[in-house]
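Asker:
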Amino acid sequence: MIQNKKVIGTHEVPIITLAEVAVSFGAVKALSDVDFRIMPGECVGVVGHNGAGKSTFVNVINGRLSPTSGIVNYAGDNAQADFRNADRARTVGIRSVFQELSLCPNLTVLENLRIPYRNMPLKNWRKEAGQVVKKSLDEIFPGNGINPYSVVADLPIAERQMVEIAIAFSQRDIDARLVILDEPTSSLDGSIAEQLLSYIKRFCEEGGSIIFISHMLGEIFDVATRIVVMKDGRIIDDNLVSKFSRDTLVDAMGHVVPDTPEIQVAKKNRSFGEEVLRMENGLSARKGEIIGLAGLAGHGQAEVLAACTLARSSDWLASRNPQVVFVAGDRARDGLMPLWSIMRNLSLQTLVEFSRGFWINRIKEASLADRWHSKIGIKTDNLMNPILSLSGGNQQKVLFSRALASSAPIVVMDDPMRGVDVGTKMEVYRMIRSEAEKGRTFLWYSTETDEILECDRVFVFREGEIVSELTGDEITEDNLLRTSFAMQESIQ
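Start counting the sequence shown at 6; every next residue gets the next number (our numbering).
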């Protein structure tokens with residue numbers, strides 16, 4: 006699958022080299038004086054808070070953006086970068102998997118492969134495309150069970166992410182030499198993510214290269230050979246992974262949200278109020294309790310969250326006293342109004358709460374948006390900018406702010422931290438606990454074990470049913486893993 010390394014004399018040639026690259030959008034500097042190169046066989050982890058410039062950085066590498074100044078060389082071509090960068094990137098085998106999945110939802114899995122596979126034979130191309138994508142899926146995610154003839158819109162988000170990854174690594178007319186993975190495990194549960202990480206290591210051992218962007222630092226340390234730290238559009242550190250620890254890496258990234266007394270509530274044993282939720286499958290929650298939904302992705306957690314939300318809210322009429330509020334993990338499909346501003350997206354849930362008839366109190370709306378802009382560190386200078394002007398992680402911050410700003414006593418969260426940086430995650434955890442202390446109840450599904458460990462009680466799902474209920478000291482990574490799979494002993 007991997008092309009032979011390009012060699013000049015006895016020295017390997019970098020797949021790509023950036024020299025003093027800068028990117029500006031009007032007065033906004035997205036990148037400044039970036040120097041970077043990646044060699045065959047390297048896996049470079051890229052970390053930084055949301056809005057640090059990571060997406061702009063990789064979009065220069067894959068040719069989607071041309072730099073305002075500086076030079077981009079592909080495989081030693083010594084050509085000045087210009088509008089043909091995307092073709093040059095493709096020619097040297099650079100591919101990308103974006104945080105915001107780019108599959109066409111109305112097409113099948115194999116038809117989505119056909120789009121980047123430009124020279125696929127015309128005769129019986131569907132059969133060949135199906136074989137190619139199935140081979141790639143099976144190599145990366147053994148036992149995936151995904152049908153290449155499935156329509157993408159019918160797949161759960163975890164399987165859509167798996168398909169996009171498989172297409173990026175698939176064998177085509179030009180083999181993959183450098184694959185850019187932007188938050189590739191954000192919708193995958195632990196076992197599937199581990200399959201991907203194992204494949205990445207094999208890919209690099211065979212001479213391929215990876216740029217791996219993730220807010221999950223454990224994954225960075227697992228697969229990266231070196232780490233690039235970005236802040237404010239600059240590379241502030243670039244060193245071997247052995248030169249970093251988790252603490253030094255977090256310190257290098259810096260903090261983006263100020264500490265305030267409101268969110269400095271430590272996790273501790275607490276008493277809870279009356280029961281506020283009970284479902285037919287046995288799931289229950291009390292006032293002020295943080296309930297975790299765990300288990301492998303696609304085993305019924307999303308359906309339970311949807312049932313809980315729809316049973317307590319109207320599907321067409323907003324309420325001044327909402328019973329439940331929903332935080333979407335799949336923000337593009339379930340969360341964002343893409344044509345609206347940041348402020349309109351943030352205040353959407355609360356508009357009816359501070360309106361009279363058809364009149365909206367714009368002063369209260371602006372005050373609410375300003376408060377959450379500062380509180381959770383949404384990186385923008387103007388809340389009237391389009392929501393799509395934000396990075397993916399900052400878009401997710403807007404959705405989270407929208408939910409917490411409402412008066413709903415129950416907050417339903419469907420893997421809400423997708424693409425959110427580690428610093429903000431810790432602040433959000435404290436905010437959740439602070440709200441729970443005030444009596445708010447959280448129903449929290451997550452594919453990240455660290456988030457489930459923050460919960461007061463955990464229901465583990467398998468094949469659409471609750472197979473275990475964990476409380477207190479029972480909530481451990483080992484117990485979560487054992488109860489997520491069949492043929493395990495029950496927790497005593």
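Beta carbons are placed, not taken as given, at the ideal position from N, Cα and C, and that holds for glycine.
1) Counting pairs of Cβ atoms below 8 Å between the segment 341 to 353 and the segment 414 to 432, do you hit three or more?
2) So, do the segment 373 to 387 and the segment 428 to 435 have three or more beta carbon pairs nearer to each other than 8 Å?
3) Could you tell me the distance, in whole angstroms, from the CA atom of A410 to the CA atom of S318?
4) I'd like to check one pair, A163 with F174: are the Cβ atoms closer than 9 Å?
5) So L201 packs on L222, CB below 8 Å; how close in whole Å?
6) Tell me N67's beta-bridge partners as DSSP assigns them.
7) Answer with buried or exposed for M258, where buried requires no fewer than 16 other C-beta atoms within 10 angstroms of its C-beta.
8) Quick one: using the 10 Å Cβ neighbour count with 16 as the cut-off for buried, is S473 buried or exposed?
9) Rounded to whole angstroms, what is the Cα-Cα separation between S451 and G297?
10) Ignore the nearest five residues each way along the sequence and tell me which others in A198's own chain have a CB closer than 6 Å to its CB.
11) Based on Cα-Cα distance, which residue from Q400, L70, R93 and R69 lies nearest to N78?
12) Along the chain, where does the alpha helix (DSSP H) containing R204 start, and where does it finish?
13) Please report the distance separating the alpha-carbon of R423 from that of N149.
14) In its own chain, which residues sit with a C-beta less than 6 Å from the C-beta of G305, not counting the 5 before and 5 after it?
15) For T314, I'd like the list of residues in its chain whose CB is within less than 6 Å of its CB, leaving aside the five on either flank, ordered along the chain.
16) With a Cβ-Cβ cutoff of 9 Å, do S214 and I368 count as a contact?
17) Hey, quick one: how far does the beta strand (DSSP E) through L183 stretch, first residue to last?
18) For L108, which residues of its own chain have a beta-carbon under 7 Å away from its beta-carbon, when the five flanking residues on both sides are left out?
19) Ignoring anything shorter than 4 residues, give me the alpha helix (DSSP H) runs that lie fully in the segment 376 to 449, in order along the chain.
20) Please report the residue range of the beta strand (DSSP E) in which E285 lies.
21) So the beta strand (DSSP E) L475 belongs to, where does it begin and stop?
22) Following the continuous alpha helix (DSSP H) through S352, name the residue where it begins and the one where it ends.
23) My guess is that F62 and V39 are in contact by the Cβ rule of under 8 Å, so how many angstroms apart are they, rounded?
24) Do you know offhand how far A248's Cα is from I471's?
25) Given a cut-off of 9 Å on the beta-carbon distance, is the pair K128 and Q176 in contact?
26) Name the DSSP beta bridge partners of S74, please?
27) Taking R503 as the reference, give the member of T454, D237 and E479 with the closest Cα.
28) For F103, list the residues DSSP reports as bridge partners.
29) Can you look up L245 in the DSSP assignment and give me helix, strand or coil?
30) Roughly how many angstroms separate the alpha carbons of R119 and L186, rounded to a whole number?
31) How would you write the range of the beta strand (DSSP E) that M342 sits in, first residue to last?
32) Just the Cα atoms here: how many angstroms apart are L106 and I241?
33) Using 8 Å for Cβ pairs, my map puts L115 next to Y154. What's the rounded Cβ distance?
34) Considering only the beta carbon of each residue, do M235 and G53 sit closer than 9 Å?
35) Please report how far the alpha carbon of E454 lies from the alpha carbon of E482, in whole angstroms.
36) Look at the alpha carbon of S289 and the alpha carbon of R283, and state the distance between them as a whole number of angstroms.
Answerer: A quick look at the data gives this:
1) no
2) yes
3) 17 Å
4) no
5) Not a contact, Cβ separation roughly 16 Å.
6) Bridge partners of N67: none, in fact.
7) buried
8) buried
9) 8 Å
10) T190
11) R93
12) The sequence shown places Tyr at residue 204, not Arg. Residues G195 to E210.
13) 22 Å
14) F466 and G469
15) V329, F331 and V417
16) no
17) L183 to D187
18) N117, V157, R165, V168 and E169
19) 397 to 409 and 427 to 442
20) Run containing E285: none; DSSP gives neither H nor E here.
21) E470 to T476
22) I347 to S352
23) 7 Å
24) The amino acid occupying residue 248 in the given sequence is Lys; Ala does not appear at that position. Taking the straight line joining both Cα atoms gives about 43 Å.
25) no
26) A27
27) The question about residue 503 has no answer here: the residues shown for the chain are numbered 6 through 497.
28) Answer is none; F103 lacks a bridge partner.
29) strand
30) 20 Å
31) Looking at the DSSP string, M342 is not in any beta strand (DSSP E), and its letter there is neither H nor E.
32) 28 Å
33) 7 Å
34) yes
35) The displayed chain sequence assigns Thr, not Glu, to residue 454. For T454 and E482, the distance between alpha carbons rounds to 7 Å.
36) 4 Å
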